[in-house]
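Student: Input: one structure, supplied below.
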Amino acid sequence: MLTLLPLVLAQGPLVGLASTTSSTRLPQDPSVLDEAWIRRQEGPPGAATWLSRHAEMALAGDLDGDGLFDAPAGIDALCLWTPAGAATTPYDLRFSLVSDLGPFADGDLLAWLPGQGVGVEIAEADFVALLQPTSGSFDLDGVARRTGPADEVWFSLNSDLQGTVLGDLADGDVLVWDRTAGTVSRAFTEADIQALVDSATGGGTGPIGDTIALSFLPGTGELAFVVQSPSSLDASVFVADPTGLAAPRLLLGWEESDWDFQQQTEIDALAFVADGPPPAPVLALDVPFYAPGEIARFKLRHGVPGSTAHGLRARRVGFDPRPGEGIGFLFLDPNDPLLISQLAHHNTWPQIVDSSGSATYDWTVPPLPPGLTEVDLFFQALDLAGGFSAPIVIRVR
Numbered sequence: 020m021l022t023l024l025p026l027v028l029a030q031g032p033l034v035g036l037a038s039t040t041s042s043t044r045l046p047q048d049p050s051v052l053d054e055a056w057i058r059r060q061e062g063p064p065g066a067a068t069w070l071s072r073h074a075e076m077a078l079a080g081d082l083d084g085d086g087l088f089d090a091p092a093g094i095d096a097l098c099l100w101t102p103a104g105a106a107t108t109p110y111d112l113r114f115s116l117v118s119d120l121g122p123f124a125d126g127d128l129l130a131w132l133p134g135q136g137v138g139v140e141i142a143e144a145d146f147v148a149l150l151q152p153t154s155g156s157f158d159l160d161g162v163a164r165r166t167g168p169a170d171e172v173w174f175s176l177n178s179d180l181q182g183t184v185l186g187d188l189a190d191g192d193v194l195v196w197d198r199t200a201g202t203v204s205r206a207f208t209e210a211d212i213q214a215l216v217d218s219a220t221g222g223g224t225g226p227i228g229d230t231i232a233l234s235f236l237p238g239t240g241e242l243a244f245v246v247q248s249p250s251s252l253d254a255s256v257f258v259a260d261p262t263g264l265a266a267p268r269l270l271l272g273w274e275e276s277d278w279d280f281q282q283q284t285e286i287d288a289l290a291f292v293a294d295g296p297p298p299a300p301v302l303a304l305d306v307p308f309y310a311p312g313e314i315a316r317f318k319l320r321h322g323v324p325g326s327t328a329h330g331l332r333a334r335r336v337g338f339d340p341r342p343g344e345g346i347g348f349l350f351l352d353p354n355d356p357l358l359i360s361q362l363a364h365h366n367t368w369p370q371i372v373d374s375s376g377s378a379t380y381d382w383t384v385p386p387l388p389p390g391l392t393e394v395d396l397f398f399q400a401l402d403l404a405g406g407f408s409a410p411i412v413i414r415v416r
């Protein structure tokens, strides 16, 4: 009988979690939407989907009350909020949306809620109250957090603001909210960022346009950032010492070519994680809606070649942390009768993961329970060597 026992947690490499400004492709991900979170670790070129749009739908649920699953239209910022190393999960990060969604504004800093749903870590209204602009619309772009001794939120803007407590602000400025002292300051002007980029590249790069992603480099405490232009550098990571003691530079191993994008795009959000989370299997379906009797073909990517992958399903969700096991948590309620029955009857569709890290299995959608016109079902894959995939959800109707 398959049991859901913890794996052994191992130390990992420096990992960058990111999102892009537009949909793209990666060698093992034929479609990477701009709301997906991708993962890259130090070493050879390459990146892979870590949290897909379909997974975001399962985590979010119905945010706008229209009865449908919701997912962001795009991610503007990612921020490591609670450092957890290899145990990092999506719940340890905060994110901002490209556009409003239901009750959430594009200037909110948001968090996934354990189980299902989205909450506000810092509201757009709080940023507006901090800056007090007289003109312009506030929207977060890059965000990074630094703690000890002060709790600082470093951020950049999606568009210029006028008449703030710091004067007029450009979308390339980097601002610091010291939440311990209750103050805000400007760490770098857009001109400063331009000078840093020119110094790191030897000059002649042209206008940067915007500072679109921020993070802190683990170990050194240096500020890592991404700029909007030029197109040859808009997925490259620059590093600057906030104290000014070290020269700015392009971060070795994190330049545009190192991501191995198969279609031109920009990095729009970035969060570095020391000894970061391992790769996670990705479970996918073509559509989120099925009728009884239809065949649902599940596709697994980024599994461990030669391992055995199992498919799990439940009607109820929970949150059971599984540090370092793929995405890092069991989303399905272990007490759900459907999951208990599935495990008891060994009905988990075991598949051997092929040399490319892929596997597929088909499932015939069962009839609806008596008296119900629709049912939501949640699925996760368990790669015995690679841990859990992020969850996905379908509606049977």
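Once you know that position 120 of the sequence shown is 139 in the working numbering, the rest is easy, because the numbers rise by one and skip nothing. We put the beta carbon where it would ideally sit given N, CA and C, even for glycine.
Below 8 Å on the Cβ atoms is my contact criterion, and I expect V292 with V34 to pass it. Report the Cβ-Cβ distance as a whole number of Å.
Tutor: For this step, residue 292 is matched to residue 273 along the sequence shown. For this step, residue 34 is matched to residue 15 along the sequence shown. About 5 Å; that satisfies the 8 Å criterion.
Student: Using three-state DSSP, classify Q482 as helix, strand or coil.
Tutor: The structure shown has nothing for residue 482, since the chain only spans 20 to 416.
Student: Between the alpha carbons of T40 and V51, how many angstroms are there, rounded?
Tutor: Position 21 of the sequence shown, counting from 1, holds the residue named residue 40. Position 32 of the sequence shown, counting from 1, holds the residue named residue 51. Roughly 11 Å separates the two Cα atoms.
Student: Less than 8 Å between the C-beta atoms of D197 and A169, yes or no?
Tutor: Here residue 197 is taken as the residue at index 178 of the sequence shown, counted from 1. Here residue 169 is taken as the residue at index 150 of the sequence shown, counted from 1. For D197 and A169, yes; Cβs fall inside 8 Å.
Student: For the 8 Å Cβ check, are there 3 or more pairs between the region 77–96 and the region 114–125?
Tutor: Short answer: they touch.
Student: Identify the residues that DSSP records as bridge partners of D402: which are they?
Tutor: Taking the sequence shown and counting its residues from 1, one reaches residue 402 at position 383. According to DSSP, D402 bridges with A328 and G406.
Student: Identify whether T284 lies in helix, strand or coil by the three-state DSSP scheme.
Tutor: Residue mapping note: residue 284 aligns to position 265 of the sequence shown, counting from 1. Coil, per DSSP.
Student: Under the DSSP definition of a beta bridge, which residues are partnered with D381?
Tutor: On the sequence shown, position 362 is the one that residue 381 refers to. Note: D381 sits in a beta bridge opposite R316.
Student: To the nearest angstrom, report how far apart T383 and L358 are at their CA atoms.
Tutor: If you number the sequence shown from 1, residue 383 lands on position 364. If you number the sequence shown from 1, residue 358 lands on position 339. So the alpha carbons of these two residues sit roughly 16 Å apart.
Student: Among T392, G240, R320 and P356, which residue has its Cα nearest to the Cα of V336?
Tutor: The residue labelled residue 336 in the question sits at position 317 within the sequence shown. That would be P356, whose Cα lies nearest to the Cα of V336.
Student: If you reduce the DSSP assignment to three classes, tell me which class F114 lands in.
Tutor: Along the sequence shown, read from residue 1 onward, the residue named residue 114 stands at position 95. Note: F114 maps to strand in three-state DSSP.
Student: Classify Q281: buried if its beta carbon has 16 or more other beta carbons within 10 angstroms, exposed otherwise.
Tutor: On the sequence shown, position 262 is the one that residue 281 refers to. Answer is exposed; the Cβ neighbour count stays below 16.
Student: Can you say whether P207 is buried or exposed, counting buried as having 16 or more other CB atoms within 10 angstroms of its CB?
Tutor: What you label residue 207 is simply residue 188 of the sequence shown in a count that begins at 1. The sequence given here places Phe at residue 207; Pro does not occur at that position. Its Cβ being crowded by 16 or more others within 10 Å, F207 is buried.
Student: Is it the case that the region 306–324 contacts the region 404–416, given that we only count it when at least three CB pairs across the two stretches are under 8 Å?
Tutor: Verdict: yes, contact present.
Student: If you reduce the DSSP assignment to three classes, tell me which class L45 lands in.
Tutor: Working through the sequence shown from its first residue, we reach residue 45 at position 26. Strand.
Student: Rounded to whole angstroms, how far is the Cβ of L319 from the Cβ of S377, which I believe are closer than 8 Å?
Tutor: Residue mapping note: residue 319 aligns to position 300 of the sequence shown, counting from 1. Residue mapping note: residue 377 aligns to position 358 of the sequence shown, counting from 1. Indeed they touch by this definition, with Cβ atoms about 6 Å apart.
Student: Mind checking whether M76 and D85 have CB atoms under 8 Å apart?
Tutor: Counting from one through the sequence shown, the residue named residue 76 turns up at place 57. Counting from one through the sequence shown, the residue named residue 85 turns up at place 66. Taking 8 Å as the Cβ cut-off, M76 and D85 do not qualify as a contacting pair.
Student: Report the CB separation of P297 from G343 in whole angstroms; it is logged as a contact under 8 Å.
Tutor: Within the sequence shown, the letter at position 278 stands for residue 297. Within the sequence shown, the letter at position 324 stands for residue 343. That pair is a contact at about 6 Å.
Student: Is the region 185–196 touching the region 212–232, taking contact as three or more C-beta pairs under 8 Å?
Tutor: Touching, yes, given that three or more Cβ pairs across the two stretches are closer than 8 Å.
Student: Could you compute how far the alpha carbon of V415 sits from the alpha carbon of A210?
Tutor: Within the sequence shown, numbered from 1, the residue matching residue 415 stands at position 396. Within the sequence shown, numbered from 1, the residue matching residue 210 stands at position 191. So the two alpha carbons sit approximately 54 Å from each other.
Student: Expressed to the nearest angstrom, what Euclidean distance is found between the alpha-carbon atoms of L11 and G347?
Tutor: Residue coverage of the chain in this structure runs from 20 to 416, which leaves residue 11 outside it and unanswerable.
Student: Should the region 68–82 be called in touch with the region 245–255, which here means at least 3 C-beta pairs below 8 Å?
Tutor: No: the two stretches stay apart, fewer than three of their Cβ pairs being nearer than 8 Å.
Student: Do you know how far the Cα of N366 is from the Cα of Q142?
Tutor: Counting from 1 along the sequence shown, the entry for residue 142 is found at position 123. Counting from 1 along the sequence shown, the entry for residue 366 is found at position 347. It is Ala, not Gln, that sits at residue 142 in the sequence shown. Their Cα atoms are separated by approximately 45 Å.
Student: Can you list, in chain order, the residues of its chain with a C-beta nearer than 8 Å to that of A106? Leave out the 5 residues immediately preceding and following it.
Tutor: For this step, residue 106 is matched to residue 87 along the sequence shown. So the list reads L28, P296, P340, P342, G343 and G347, once near-sequence residues are dropped.
Student: Within the same chain, show all residues whose beta-carbon is closer than 6 Å to that of E171, passing over the 5 residues directly before and after it, in chain order.
Tutor: Residue 171 sits at position 152 when you count from the first residue of the sequence shown. Around E171: R165, V195 and D197.
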